[in-house]
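Quick note: the sequence shown uses UniProt numbering, first residue 1, plus one each step.
Where is the CB? At the ideal position from N, CA and C, for every residue including glycine.
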Amino acid sequence: MTRLSNAALSDLSTDIARPGYDRARVTPGIVHLGIGAFHRAHMAVYVDDLLASHPDWGIVGASLRRPDTKEALEPQDGLYSIAVRDASGTKPRIIGSVLEVMDANAQREELLALMADVKIRIVSLTVTEKGYCHDPSTGDLDEDHPDIVHDLEEPGTPRSAPGLIVEALARRKAAGIEPFTVMSCDNLPANGKTTARIVAKFAELRDPDLGSWVKEHVAFPSTMVDRIVPATTDADRQGVSDLLGLEDAWPIMTEPFTQWVIEDTFCDGRPPFESVGVQVVEDVEPYELMKLRMLNGAHSTLAYLGYLAGHEHVSDAMADPAFRMMISGMQTGEIVPTLPSLDVDFYAYRDELLARFENPALKHRTWQIAMDGSQKLPQRLLGTIRDRIEAKLVFDGLALGVAAWMRYVTGVDENGNAIDVKDPLSDRLRAIADEAGRDPEALFDGLVGINEIFAADLARNAAFREVVVQHLANLFEKGAAATVADLIEE
Ligand code: CS2
C-alpha cells in the first residue's frame, strides 16, 4: 500500500476531507511541546481549519520522551488522519497543520533555536500532568524533580518542558525579541496560572532578573480542552489505512465532539481562533472546573471501578445500568452543586457527557484513563470532595471513586491477577499497598500520607476517612460491581 504523503493526496477518494490550502505556503507560528494523540485530534485540527486564511500559523511539534511520532509522521510529510467514530461509522479526515515533528532529545538545539525565533509566537503544551514537574496537590514547581535539578544545573540543554520554555525565553530576552505566549492545553486546574507559576519559579531559580521578566511580559492563557482520544491500536491502523487506500502509520481515533475554550491573554499575537469554533472568553476557570469535575472526575471513577469490575472499555461499564446511574447520580447530586455559575445548562452538559461515554465505537480503555492517578486525583475528585466537606454535604460517590483508585493501586485485581499500574509514584504506591495488605484502614492511612496527592486537610479529615474506608472494605469484600449496585440502592 502507498504511504500517505503530500504526493499521495491526489490518490485519495474525493469524499475524504483533506487540507484545503497549499501546504507549501504554510510557515510555522506555533511550537507544540508533547505532540501526542490528544494534540493531533484537538488543537492541530482547529489550526488545520485556520490555515487557508492564516498560513503563518503552522505547527512544529516536539516529542519530549519518545521519537515514535516523528518516526511515523516524517515519511508522511507530517500528514496523518483522524478517524471520527460513533455508532454510525468511522469518518476519516487528513490533517495537514503539523509541518514537522522534532525529537527534543536528539534535536534539542534545533528546537530551542526555532522557539527563540521571532516567527514563533505561541508555544503550546500537552505534556500530561506529570510533564509539569510540579507538586499536584499545591501546583508548585517540584524543585527536587530530577529533570528540574538537571535543567537548573545545565540550563542550556534542558530536558523538561519548563526548562525548554525558560531557555527559549532567555534567548529571546537576550536577543531583544518579544516573548511567545505559553499556552497549556493539559487537564490541570487553572492551567494558565499553574503553568505561569511553575515557569516563573524555574526562571527565577535560574536568574532573578529572568524571573521578573517572565512574570511581567509572558502571557499564560488558561484553556479548557476537550475531546476523547483513545490510544490507537494496530487494528485501528489497519482499518483506517483500508478506508483511505493509503497507509497511515499513526492515525488518531476520536469522537465527533470537540470543545476548546481559551482565555484571551496573548503577548505576541494569536490567530482568530473564534473563526474556527473556539470559545475565546475572559475567564476560563469556571469552564475548566466544570470539565475537570464533570468529565474527568466521572471518567477516573468509571476507569477504576470499571477496570476492577472487569470492563475493558468505558462504554462497557456504561452499559451496566448500575454504573450509569451511579455516575449520573454523582454528577447531578454531588458535582453540579459545587460548580461556579456559568452560562451553561449543567444538566444538558451531563447528558451529553453520558452519551459520549456510551459511544460504543470509541473503545476507550479503562486502563488508559486509570494511568497517572496520583497526578489526576486532586483536580478531578479531591477538590470537589473538599468543597462538599466545607459545605457539610455528602460525597459518597466521589469517595467511592477515591476508594476504587486505592483498591486499583494495590496492583492485584478481583481475580488475583496483576494490574499494570502506570504512575510516576507507582513504586511508592506499591510499597504502601504491600504493607497494608487487604486491611482497608491501613491502606487508606498509608495512601493519604502521600502529601503530593492529599495534603494534610484531607488526610486528617475524619468524615473523609470513614466514608472511603467503608467503600474500600466493600470493594475488598464484594467487588466493584456489587459495591456500585449497593450504592445506587441506598
Ligand atoms: C481522560 C482524558 O485519560 C484520561 O485521563 O480522562 O484524557 C479525557 O478523555 C479527556 O480529558 C477528554 O477531553
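With 8 Å set as the bound, which would you pick, yes or no: does the beta-carbon of residue i sit closer than that to a beta-carbon of chain B?
i: glutamate 71; result: The structure shown contains no chain B, having only a single protein chain.
Identify which residue in the options has its Cα closest to the Cα of residue i.
i: histidine 42; options: Arg93, Gly89, Ala459, Glu216; result: Arg93
i: proline 286; options: Leu152, Asn105, Pro337, Glu129; result: Pro337
i: glutamate 414; options: Thr254, Lys363, Leu472, Asp351; result: Leu472
i: serine 81; options: Asn6, Glu154, Leu114; result: Asn6
i: aspartate 427; options: Leu447, Gly416, Asn417, Pro440; result: Leu447
i: alanine 485; options: Gly397, Asn105, Asp226, Asp135; result: Gly397
i: threonine 14; options: Gln470, His364, Gly245; result: Gly245
i: histidine 32; options: Gly61, Leu354, Glu154; result: Gly61
i: alanine 149; options: Lys422, Phe202, Thr265; result: A quick correction: the sequence has valine, not alanine, at residue 149. Selected option, being the one with the closest Cα: Phe202.
i: glutamine 76; options: Arg85, Val394, Ser88, Ser97; result: Ser97
i: lysine 422; options: Phe444, Val394, Ser374; result: Ser374
i: glycine 34; options: Asp439, Asp135, Val101; result: Val101
i: glycine 78; options: Leu4, Ala37, Val225, Trp57; result: Leu4
i: lysine 70; options: Ala83, Lys91, Arg40; result: Arg40
i: aspartate 226; options: Ala175, Val278, Pro179, Gly176; result: Val278
i: aspartate 434; options: Ala370, Ile453, Arg407; result: Arg407
i: alanine 17; options: Ala175, Ala83, Asp372, Glu352; result: Ala83
i: alanine 391; options: Ala455, Ala463, Ala442; result: Ala463
i: isoleucine 488; options: Ala116, Gly333, Ala87; result: Gly333
i: leucine 51; options: Arg438, Glu352, Pro19, Thr90; result: Pro19
i: lysine 173; options: Gly131, Phe38, Met115, Pro146; result: Met115
i: isoleucine 450; options: Gly306, Pro424, Gly437, Arg438; result: Pro424
i: glycine 89; options: Phe454, Lys363, Met371; result: Lys363
i: threonine 366; options: Thr2, Ala170, Ile419; result: Ile419
i: leucine 354; options: Asp320, Trp260, Arg386; result: Asp320
i: leucine 443; options: Leu429, Thr2, Glu452; result: Leu429
i: glycine 58; options: Arg65, Gly36, Lys91, Asp22; result: Asp22
i: alanine 87; options: Ile453, Val394, Arg356, Met371; result: Arg356
i: glycine 269; options: Pro136, Val118, Asp457, Pro440; result: Val118
i: glutamate 477; options: Leu152, Pro440, Arg65, Val182; result: Pro440
i: aspartate 236; options: Val281, Asp387, Lys91, Val166; result: Lys91
i: aspartate 457; options: Asp387, Asn417, Thr181, Leu393; result: Asp387
i: glutamate 282; options: Gly192, Leu292, Glu167; result: Gly192
i: valine 166; options: Pro146, Leu73, Gly36, Glu204; result: Glu204
For residue i versus residue j, is the C-beta spacing smaller than 8 Å?
i: leucine 475; j: alanine 404; result: yes
i: proline 28; j: leucine 99; result: yes
i: arginine 324; j: methionine 330; result: no
i: valine 229; j: isoleucine 262; result: no
i: leucine 377; j: threonine 483; result: no
i: alanine 231; j: lysine 215; result: no
i: proline 67; j: alanine 24; result: no
i: threonine 157; j: arginine 206; result: no
i: glutamate 358; j: serine 328; result: no
i: leucine 381; j: valine 402; result: yes
i: serine 63; j: alanine 8; result: no
i: methionine 294; j: arginine 350; result: yes
i: leucine 125; j: glutamine 379; result: no
i: alanine 190; j: phenylalanine 266; result: no
i: isoleucine 122; j: isoleucine 30; result: yes
i: isoleucine 335; j: threonine 384; result: yes
i: methionine 224; j: glutamate 129; result: no
i: alanine 303; j: arginine 85; result: no
i: histidine 217; j: proline 179; result: yes
i: alanine 480; j: leucine 305; result: yes
i: arginine 171; j: leucine 112; result: yes
i: methionine 183; j: proline 221; result: yes
i: aspartate 186; j: valine 127; result: yes
i: aspartate 135; j: glutamate 352; result: no
query: Contact between the segment 260–277 and the segment 309–324: three or more CB pairs below 8 Å?
result: no
task: Please determine if the segment 194–210 and the segment 39–54 are in contact, where contact requires at least 3 C-beta pairs separated by less than 8 Å.
output: no
- request: Decide yes or no for the touch test of the segment 203–217 against the segment 339–354: beta carbon pairs closer than 8 Å, at least 3 of them.
  value: no
task: Starting from the N-terminal side, write out each stretch of the alpha helix (DSSP H) that is 4 residues or longer and does not extend beyond the segment 158–217.
output: 161–175, 191–206, 208–217
field: Every unbroken beta strand (DSSP E) within the segment 225–311, with a cutoff of 3 residues, ordered by chain
entry: 252–254, 259–263, 279–281
field: the segment 229–249 contacting the segment 138–154, beta-carbon criterion three pairs below 8 Å
entry: no
query: Should the segment 460–470 be called in touch with the segment 294–301, which here means at least 3 C-beta pairs below 8 Å?
result: no
- prompt: Whole alpha helix (DSSP H) runs in the segment 382–461 with 4 or more residues, listed along the chain?
  reply: 383–390, 396–408, 426–436, 440–448, 451–459
- prompt: Are at least three pairs of beta-carbons, each pair with one atom in the segment 155–173 and one in the segment 248–264, less than 8 Å apart?
  reply: no
query: In the segment 52–118, which residue ranges form an unbroken beta strand (DSSP E) of at least 3 residues, counting only runs that do not cross its ends?
result: 58–63, 80–86, 89–95, 98–103
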